[in-house]
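This report concerns only the one structure given below.
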Amino acid sequence: MSPTASLDRAAPPHTKHSTPTAHTAAATSNRPSAAGGGTPGQSPVRARVPGVERGLPSLPVLHPTIGAPIVDIRTLPREQGCYAYDPALGETAICRSAITHVDGDNGVLLYRGYPIDAVVEHCSFLETAWLLLNGELPDAAQLAQFTRDISRHTMVNEQVHAIYRGFRRDAHPMAVMCGVVGAVAAFYHDGLDIFDARDRVIASHRLIAKMPTIAAMAYKYSQGQPFAYPNNELGYAANLLNMLFSVPCEPYSAPAVAVKALEALLIIQADHEQNASTSAMRLVGSTRANPYVCTAAAIAALWGPLHGGANEAVLRTLEEIGTADRIPEMLRRAKDKNDPYRLMGFGHRVYKSYDPRAKVLRPLCHQLLQALGQRDDPLLRLAIELERVVLEDDYFIERKLYPNVDFYSGIIYRALGLPPVMFTPVFAVARTVGWVAHWNEMITDPETRIFRPRQLYQGPTERPLPAIAERRSYPPLVG
Ligand SMILES: CC(C)(COP(=O)(O)OP(=O)(O)OC[C@H]1O[C@@H](n2cnc3c(N)ncnc32)[C@H](O)[C@@H]1OP(=O)(O)O)[C@@H](O)C(=O)NCCC(=O)NCCS
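What follows is the structure in structure tokens.
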């Protein structure tokens, strides 16, 4: 099947997968109703909403192929006269998706149904990309064609080089990535019809192909070195390493163990269902903005230290700890409820038993350090000691705070020779595949509407506007 056919406009979503079904049932959740839950920070007051005051309303229930049933609240305003309150959307499904499944309680991560450890063991990054985009693994001919398609788009327009030169050399590469990826929209906006399957495929290929080039150019620019052009003879990870570390004056060949570790890391970071950056991609995409600027928004979301920026924060934490004798002091701070300090690289919002990505990366990380002879690097030795101490510490054991993917990815990136500021840009390269897969899924989903959440308004009720002479002085809210 051609990529075009698989993304055909007329094809209904989820044709290859069982679609969640709906039946009307009384919502039996014991979670308090949002409308009846009162105002956060105040004592709960039951709202007088018809139907809700007598118990939870009767609402349709949707059944995913795996996981807990989901109450469809779309009829709440019309039939019950109320809305739902769920800041950060932690308890709300924002879309139907057939791409990735995460089971946080049991430490499971599936790409199109395949466990992450099996995907890392048996697939290349481009096979994984095809799987995430198209729902099934490619056959040999599809993989060969996809590899050719991606390599045909790896270069950026020469005019893009001039955009880099507008940035300061010491600019954070994520700031540069946001700007450059957004600017790429200026090159390809014309002729991009997001409702045309062929145009979507080309945009998807361009994004997956150009992101390594864009990230590597951000690094080269910060180093004051010439940009390295992509080499289409190399695999995806080897080409990225080549563009990051080669210089024109001497030959460069990335060590096989480094290529293997980076390929695994890229696969592991390729998707993670409705995380903050993917949700940003969907949110901006729902306005029908072109996919390049949607990706720029996703990159911005990824930059935050609670999301993709955590791997950079892990290295900063290690630098802050400095030496192994300071670990107990930092653990004391991490446990102190009066101290906002947290040990970066430990704990996860969703994975509460262990992080399956960390489980795959841990042995790879140790192998890499061994093979590159870096076990004696003081910072990496400190990381291994910190991992050992935390895994034996009651506070972390009781709260199920295990090293997460960012702990190991931070160490791997450092061992590969990347400075901390480049960790999140490389993460963005990997996650582009997930962003693009979700964007395609969203555009072809007939249920997609522009994102327009509600709010629990807590401002003043309507009031007369006083003349300036009659106004009292209040301290500003901002600043
Ligand atoms: C990822 C993270 C934001 C998840 O937070 P969360 O799901 O809201 O978890 P909670 O805040 O409910 O934490 C549960 C308990 O563990 C503690 N805790 C969580 N992560 C901790 C950490 N990294 N260091 C110290 N204590 C931590 C909390 O203080 C809380 O303790 P309490 O029950 O005594 O109050 C959080 O673990 C964290 O900040 N980790 C560090 C950042 C990081 O590595 N992010 C990358 C994730 S891939």
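Be aware that the sequence shown starts at 1, since it is given in this note's numbering, and climbs by one per residue. The beta carbon of each residue, even a glycine, is placed where N, CA and C say it ideally should be. The structure displayed is predicted, hence computed values, not measured ones.
Within 10 angstroms of the beta-carbon of Glu441 lie 16 or more other beta-carbons, which makes it buried. In the DSSP assignment, the residues bridged to Ile70 are Leu62. Across the structure, Gly67 and Pro115 are spaced so that their CA atoms are roughly 15 Å apart. Your pair Ala313 and Met281 does not check out as a contact, with CB atoms roughly 22 Å apart and the cut at 8 Å. Assigned with DSSP and collapsed to three states, Phe146 falls in helix. Contact check for Leu266 against Val429 passes: the beta carbons are separated by less than 8 Å. Per DSSP, the beta-bridge partners of Pro115 are Leu110. For Pro403, the pairing in a beta bridge is given by DSSP as Phe346. Taking the Cα positions, Leu315 is about 7 Å away from Pro420. Going by beta carbons, Asp199 and Asp190 fall outside the 8 Å limit. DSSP places Glu250 in the strand class (E or B) of the three-state scheme. When Cβ pairs closer than 8 Å are counted between the two stretches, the stretch 401-409 is seen not to touch the stretch 239-246, the count staying below three. Not one heavy atom of ligand 1 is found less than 7 Å from the C-beta of Met217. When DSSP states are grouped into helix, strand and coil, Val478 belongs to the coil group. Taking the CA atoms as reference points, Ala237 sits about 25 Å from Ala185.
Taken in chain order, the whole alpha helix (DSSP H) runs of length 4 or more contained in the stretch 301-376 are 310-321, 327-335 and 356-371. At least one heavy atom of ligand 1 lies closer than 7 Å to the C-beta of Leu343. The Cβ atoms of Asp271 and Val433 sit closer than 8 Å to each other.
A direct Cα-to-Cα measurement between Gly81 and Thr92 gives close to 19 Å. A Cβ-Cβ separation of about 5 Å places Asp117 in contact with Val360 under the 8 Å criterion.
The beta carbon of Pro291 sits closer than 6 Å to the beta carbons of Ala203 and Trp439 from its chain, once the five residues preceding and following it are set aside; these are given in chain order. With 16 or more other Cβ atoms inside 10 Å of its own Cβ, Gly410 counts as buried.
Your pair Val181 and Ile73 does not check out as a contact, with CB atoms roughly 35 Å apart and the cut at 8 Å. In this structure, Ile268 sits away from Ile208, with a CB-CB distance that is not shorter than 8 Å.
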